[in-house]
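Undergrad: Heads up: the sequence shown is residues 6 to 224, going by this note's numbering.
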Amino acid sequence: MERVRAHVPRPGAARPRGRHARPRRWLDRRRRRGDRVLGARPRLQPRHRARCLHGARARQSRAAHAADLPAHGARTLDARGRRDARQVTIAPPLPQRTPESALFWDGCAQEELRLQRCASGHWWFPPGRQCPECWSADWRWERASGRGTVFSFVVFQRSYHPAFRDALPYAVAVIALAEGPRFLSRVVEIAPDQVRVGMSVAVTFEEVAGTKLPLFRRA
């Protein structure tokens, strides 16, 4: 009958290595010293304890730093680093004023819808340096009637910019002006579901952030 011999490590032999061979960490020297003073027995310290303490100290440090930050606009950071619930006012996007459109916006400031008209009698919009019909460079700005009809329209049920969220729902229409050009703008002073193709409209002006915008209402 064969005997089974137990393996006994020789004195001075290397200890096994690996994660499972490591002993669990004790509390640091200061904590053990405090436990002795209080009469508490030493305890085993979990491996993740150091990381937990470090994470708690990091969160406290970030909160203290956030409390010292100046307020940015209408939003601030609370003790936990989160945005508060105060509302932020966002300005709507406005059309860019260019050298070609400067006189158009000057007319809007005086509540006049101005269009370019060449010597041959063609009206056009948007502004350009020459007539798109006859390519004439002989033209001038003239006041249009401001009347037209709805050529097509769409009703927005969803806001694609935060500044328009409170205006939902609203109608945007292509207006066929009486002079011929087509003009893209909003239809106001009427429920969006009452806008119809072919409906007669007239220009009206609304000031937004210091700029008067040409909108249209039912005539």
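A virtual CB, placed ideally from N, CA and C, is assigned to each residue, including glycine. Since the model is a prediction, treat every value here as computed from it, not as a measurement.
1. Taking just the CA atoms, how far does E211 sit from P219?
2. Cα separation between A114 and D198?
3. Taking just the CA atoms, how far does R223 sit from V155?
4. Output needed for S157: all residues of its chain with C-beta closer than 6 Å, excluding positions within five of it in sequence on either side, in chain order.
5. Quick check: the Cα distance between T81 and A107, rounded to an integer number of angstroms?
6. I'd like to check one pair, P97 with F169: are the Cβ atoms closer than 8 Å?
7. Which value, in whole angstroms, describes the spacing of the CA atoms of G133 and A124?
8. So for P137, helix, strand or coil by DSSP?
9. Alpha carbon to alpha carbon, how far is G86 from G215?
10. Per DSSP, which residues does A181 bridge with? Please list them.
11. By Cβ distance below 6 Å, which residues in the same chain neighbour K217 in space, the five residues on each side in sequence not counted?
12. Compute the Euclidean distance between the alpha carbons of S205 and R152, then round it to the nearest angstrom.
13. Is the distance from the Cβ of W146 to the Cβ of C136 below 8 Å?
TA: The relevant details are as follows:
1. 7 Å
2. A114 and D198: Cα-Cα distance of roughly 30 Å.
3. 10 Å
4. V179
5. Low per-residue confidence applies at T81: pLDDT is 44, beneath 50, and the placement is therefore not dependable, though the value from the model is reported in the following sentence. Taking the straight line from one Cα to the other gives about 40 Å.
6. Judged by their CB atoms, F169 and P97 are nearer to each other than the 8 Å cut-off.
7. 15 Å
8. coil
9. The predicted model places G86 with a pLDDT of 49, which falls under 50 and marks its position as unreliable, so this point remains unresolved.
10. T154 and R187
11. C113, A114 and F210
12. 8 Å
13. no
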